Amino acid sequence: MQTSSDRHEYPAHWEADVVLRDGGTARVRPITVDDAERLVSFYEQVSDESKYYRFFAPYPRLSAKDVHRFTHHDFVDRVGLAATIGGEFIATVRYDRIGAGGTPASAPADEAEVAFLVQDAHQGRGVASALLEHIAAVARERGIRRFAAEVLPANTKMIKVFMDAGYTQKRSFEDGVVRLEFDLEPTDRSLAVQYAREHRAEARSVQRLLQPGSVAVIGTGRTPGGVGRSILGNIRDAGYTGRLYAVNKALPEAQKELDGVPARRSVREIDGPVDLAVVTVPAEHVPEVVTECGEHGVQGLVVISAGYADSGPDGRERQRALVRHARTYGMRIIGPNAFGIVNTSAQVRLNASLAPEMPRPGRIGLFAQSGAIGIALLSRLHRRGGGVTGVTGVSTFVSSGNRADVSGNDVLQYWYDDPETDVALMYLESIGNPRKFTRLARRTAAVKPLVVVQGARHGGVAPQGHAVRATRLPHATVSALLRQAGVIRVDTITDLVDAGLLLARQPLPAGPRVAILGNSESLGLLTYDACLSEGLRPHSPLDLTTAASADDFHAALSRALADDTCDAVVVTAIPTVGEGSAGDAALAEALRSAAAAEPGKPVLVVHVELGGLAEALSAATSTAPQATAGTAPQATAGTTGQATAGTVPQAASSTAPQAASSPPEEPRSAAPAQRPPSVQAPEGAHLIPAYPAAERAVRALAQAVAYAQWRRDAADPGKVPEYEDIDEKGAAGLIAGHLARGQGLTLGTQETCDLLGRYGIHVHRALPAPTPDDAVAAARTIGYPVALKATAPHLRHRADLGGVRLDLADEEQLRRAYAELTELFGKAEELRPVVQGMAPRGVDTVVRAVIDPAAGAALSFGLAGAATQLLGDMAHRLIPVTDREATSLIRSIRTAPLLFGWRGSAPVDSAALEELLLRVSRLVDDHPEVVAVTLEPVVVASRGLSVLSASVRLAPPPARDDLGPRTLPAY
58 MQTSSDRHEY
68 PAHWEADVVL
78 RDGGTARVRP
88 ITVDDAERLV
98 SFYEQVSDES
108 KYYRFFAPYP
118 RLSAKDVHRF
128 THHDFVDRVG
138 LAATIGGEFI
148 ATVRYDRIGA
158 GGTPASAPAD
168 EAEVAFLVQD
178 AHQGRGVASA
188 LLEHIAAVAR
198 ERGIRRFAAE
208 VLPANTKMIK
218 VFMDAGYTQK
228 RSFEDGVVRL
238 EFDLEPTDRS
248 LAVQYAREHR
258 AEARSVQRLL
268 QPGSVAVIGT
278 GRTPGGVGRS
288 ILGNIRDAGY
298 TGRLYAVNKA
308 LPEAQKELDG
318 VPARRSVREI
328 DGPVDLAVVT
338 VPAEHVPEVV
348 TECGEHGVQG
358 LVVISAGYAD
368 SGPDGRERQR
378 ALVRHARTYG
388 MRIIGPNAFG
398 IVNTSAQVRL
408 NASLAPEMPR
418 PGRIGLFAQS
428 GAIGIALLSR
438 LHRRGGGVTG
448 VTGVSTFVSS
458 GNRADVSGND
468 VLQYWYDDPE
478 TDVALMYLES
488 IGNPRKFTRL
498 ARRTAAVKPL
508 VVVQGARHGG
518 VAPQGHAVRA
528 TRLPHATVSA
538 LLRQAGVIRV
548 DTITDLVDAG
558 LLLARQPLPA
568 GPRVAILGNS
578 ESLGLLTYDA
588 CLSEGLRPHS
598 PLDLTTAASA
608 DDFHAALSRA
618 LADDTCDAVV
628 VTAIPTVGEG
638 SAGDAALAEA
648 LRSAAAAEPG
658 KPVLVVHVEL
668 GGLAEALSAA
678 TSTAPQATAG
688 TAPQATAGTT
698 GQATAGTVPQ
708 AASSTAPQAA
718 SSPPEEPRSA
728 APAQRPPSVQ
738 APEGAHLIPA
748 YPAAERAVRA
758 LAQAVAYAQW
768 RRDAADPGKV
778 PEYEDIDEKG
788 AAGLIAGHLA
798 RGQGLTLGTQ
808 ETCDLLGRYG
818 IHVHRALPAP
828 TPDDAVAAAR
838 TIGYPVALKA
848 TAPHLRHRAD
858 LGGVRLDLAD
868 EEQLRRAYAE
878 LTELFGKAEE
888 LRPVVQGMAP
898 RGVDTVVRAV
908 IDPAAGAALS
918 FGLAGAATQL
928 LGDMAHRLIP
938 VTDREATSLI
948 RSIRTAPLLF
958 GWRGSAPVDS
968 AALEELLLRV
978 SRLVDDHPEV
988 VAVTLEPVVV
998 ASRGLSVLSA
1008 SVRLAPPPAR
1018 DDLGPRTLPA
1028 Y
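Note that my numbering gives residue 778 to position 721 of the sequence shown, counting from 1, and the numbers run on in steps of one.
Structure (structure tokens):
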């Protein structure tokens, strides 16, 4: 690539794929001597006006000297980057390091002149903004801290690129030229601009996949059956509103139609654009298909074909090649090994999936990395039977398969803006970029609920086919960090659907106070107990008795909803003997009308397998036709449903109810039951979800309560406080000095104390005592009373094993204790005893911080001791921690009552504990080289606290993939 005279090797790590403003992709890479012909060809396609803006004069062609200059770089003082599509340049950017007076210079000069040129056909796609991010990152890596650019006043587009970047800048006008100077250090504003551009681009890239104007299914068999032919039929039968084509190279030349759809032998034969290609051919034929699609200008691919990373190492390499190949043409991929995608919008009606029937339209977005789980989710939301389904349908569905390119992060970007989606449900088997997912989840959860169930969470490895960076954090810690970001974490897909149905059509509860009413005392008590188990505050159940009429339910529900001491209502119902479907319809109407009159509080129904009531509750959007005089609706068994503010039709007759304790019926096949077209609820109608078991309803309600509280807290997240006694610069000097000795090391006792002391964290003094005489001397230095501790790894923090002696008041007691320890546990050199002054009595706690390469920095807190270790009772927060988060952190553990006066004990100094947590957070946030901190034990007294032991580990900071320029995952 470069000649031997160049000062640096080709920087392959600068290569990256980026998503552009319109959703397409481009490749960014360094320009080399091999690019001379590409550069000349690129320049010939640039308009005279753009050339004038670049060179400030007419410049019709590049001279040989120009070509040499623009292709020969040392990758330090002279750097050029190109954005490419299909291997050809569409834009270039370069910087030249300059010194005083603007003359060429070398390091330590830290300023460079930067210039762009974008092909006219690609202007407005955000290419220059993406290149600016990448050239700025390259410059920072090479020690350049400031860019200067000269721009003609008429070149408003380029001036806007610089001005909108968010960097700190200076602007001047001299000799008819606008001169811009800006620092390259990222600012809060520059990061906000970068994230906003990332959001627009990635959301648009998913929109192009889910809202295509034309679709080609490639690999449609000539005979009925097969994956391609099935998907073609599913798209056609769903009423897709765009242009649909069948493609199979084996079709006879004379055949121009297949199943009523225009048929072609190749994508190239299709007149007009193709936005989306659904690829179903065997894996060995996919590269040829990708080339055809790329050359025809296809915008995106859904690859159903298997045989990639899901099939082993060879398949993994095939998958990498697939992604690289598609990105060469600016295309994004869902899959491979995907189940497909669905968009139920009336303007699209796309069912490019293996689901044989279009899901019912609704407000829930579904994302599943597993095709099998995707089938189960679609079936549960579509069918009347098989657990809680109801009638709230799907807005969009994405099954990502091996998730080689488009991921859950991309879909979150789309859902954030999508007016058709009110609730996002995700089944994840791996999280490829936890930092980014957490950031996007926090933003999404602030405006619409995000419910996540994670599979393979105890396996320790990602499922076959998923190429992700592993996290060293336990699953419980990752779950806690996701909850901090507003994610509603559930354990099963049943819980996922239960929570989604409640959140999709019911208002969020204002608090945890729950009214319970119904016609079964036993079912009411079960609901009451379930509320207590989930941390809710239930009122005593109101038993309406089995003689209660629909009017009685209406009156009771109206009173409960009007009660200011109630935040939500759970209605329990058992079958009324002899009334049948008419009674069910009357009850559903009673509940609906009462809830419609007080729409500000959520209402849930717990029923005992009342098929008729479930149908009646959901009848406003039932797929069954309206009953007419002299006819009976088709019987449809169901376990749940939802009522709307619209008219409730006469209920359908039901099958015999099952026992209340029976498990919900699971879907019997991948295909949902065939149904007539849906009848939609009125706009804004609140559907009442019904559940077959009290614990499922209450669990969903508890999730909604916690999420509503998070929304209120997120409105005022608090702040990261400043402490005047923190010596950030001094700490940085200590860290640099220690790391000069090695790449990773655990600091010694004194080094740890010195570093923590720079952040106002003072460790209780402890002196080594290798002999009894040394122990006595240490005690005299510290002052009695003292403690004698064994610090050997197997005895550290294990007071229960007897390796600690406390309140030693004089030399005699100290020597006796020393003799006892050595007699019990062995020689002093094995015990590593220390002498430490006594701290005020209090509650022993532990504070830890760790930087995980994948998930980021996390702060953890819990009580010290074997009981906490056994129960795993630790709370976690992402760093940096705010003052409000520190307050909630110490109250999040189950054993928190021990800190606040449990059973008459004195409450601890929680303010001092919160300050300690904030100082540790600041240390790790300010210095990413501090990769682990442990303070154990921290004895928190009624006034103040004492850090009795501490350890700090230093290492070069892990690479941050969330602070650099926008890139897609590398392949």
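Just so you know, even glycine gets a beta-carbon here, dropped at the ideal spot from N, CA and C. Quick caveat, the model's predicted, so the values are computed rather than measured.
For the 8 Å CB-CB criterion, R321 and Y302 form a contact. When the Cα atoms are used, P964 and L845 turn out to be separated by approximately 27 Å. Following the DSSP letters along the chain, one finds R562 inside the alpha helix (DSSP H) bounded by residues I550 to R562. Taking the Cα of Y780 as reference, the smallest distance to any Cα among Q760, G799, T280 and I818 is reached at I818.
Distance from the Cα of P569 is smallest, within the candidate group G428, A761 and R753, for A761.
Assignment of beta-bridge partners to D74 by DSSP yields R84. By the Cβ test, the stretch 970–981 is in contact with the stretch 913–932, since at least three Cβ pairs between them sit closer than 8 Å. Going by DSSP, G282 is part of no beta strand (DSSP E) at all; its letter is neither H nor E. Taking Q511 as the centre and dropping the five residues before and after it, the same chain places the C-beta of L485 closer than 6 Å to its C-beta, in chain order. Take V455, set aside five residues on each side of it, and the residues of its chain with a beta-carbon closer than 6 Å to its own are I398, F424 and V468, in chain order. Between G137 and the set G283, D153 and I908, the nearest pair of CA atoms involves D153. Rounded to whole angstroms, the separation of the alpha carbons of H70 and D79 is 25 Å. With a contact defined as Cβ atoms closer than 8 Å, F173 and V150 qualify at about 5 Å.
A residue is called buried when at least 16 other Cβ atoms come within 10 angstroms of its Cβ; T225 does not meet this threshold and is exposed. N400 is bridged by DSSP to L407 and T453. Under the DSSP definition of a beta bridge, M931 partners with G919. Less than 8 Å divides the Cβ of A409 from the Cβ of I288.
When the five nearest sequence neighbours on each side are left out, the beta carbons in the same chain lying within less than 6 Å of the beta carbon of Y297 are those of R406 and L407, in order along the chain. Short of 6 Å from the beta carbon of P825, and not among the five residues preceding or following it, lie these beta carbons of its own chain, in chain order: V891.
Only residues of its own chain outside the window of five on either side were considered, and among them S271 and R300 have a CB closer than 8 Å to the CB of G329, listed in chain order. Contact check for H353 and V331: beta-carbon distance about 6 Å, within the 8 Å limit, so the pair qualifies. Below 8 Å, too few C-beta pairs join the stretch 930–940 and the stretch 984–992 to call them touching: fewer than three.
Counting the other Cβ atoms within 10 Å of the Cβ of E886 gives fewer than 16, which makes it exposed. Here P897 is exposed, its C-beta having fewer than 16 other C-beta atoms within 10 Å. Inclusion of R853 and D552 in the CB contact set at 8 Å is not warranted, their separation being larger than that value. Within the DSSP bridge table, the entry for T141 names R84 and F146 as partners. Sequence-distant partners of S536 (beyond 5 residues in either direction) whose C-beta falls short of 6 Å from its own C-beta, in its chain, are R546. With at least 16 other beta carbons inside 10 angstroms of its own, G894 counts as buried. Cα atoms of L188 and P774: separation of roughly 34 Å, rounded to the nearest angstrom. Looking at the DSSP output, P595 shares a beta bridge with V571. Residue S967 holds the alpha-carbon nearest to the alpha-carbon of S999 among P1022, D982, R1023 and S967.
Between L956 and D74, the C-beta gap is not smaller than 8 Å, which leaves the two residues out of contact. Under DSSP, S1008 forms a beta bridge with T991. With fewer than three CB-CB distances shorter than 8 Å, the stretch 563–579 does not count as touching the stretch 784–804.
Contact between A1007 and V843 is absent: CB atoms are separated by about 19 Å, not below the 8 Å threshold. Take R228, set aside five residues on each side of it, and the residues of its chain with a beta-carbon closer than 6 Å to its own are L237, in chain order.
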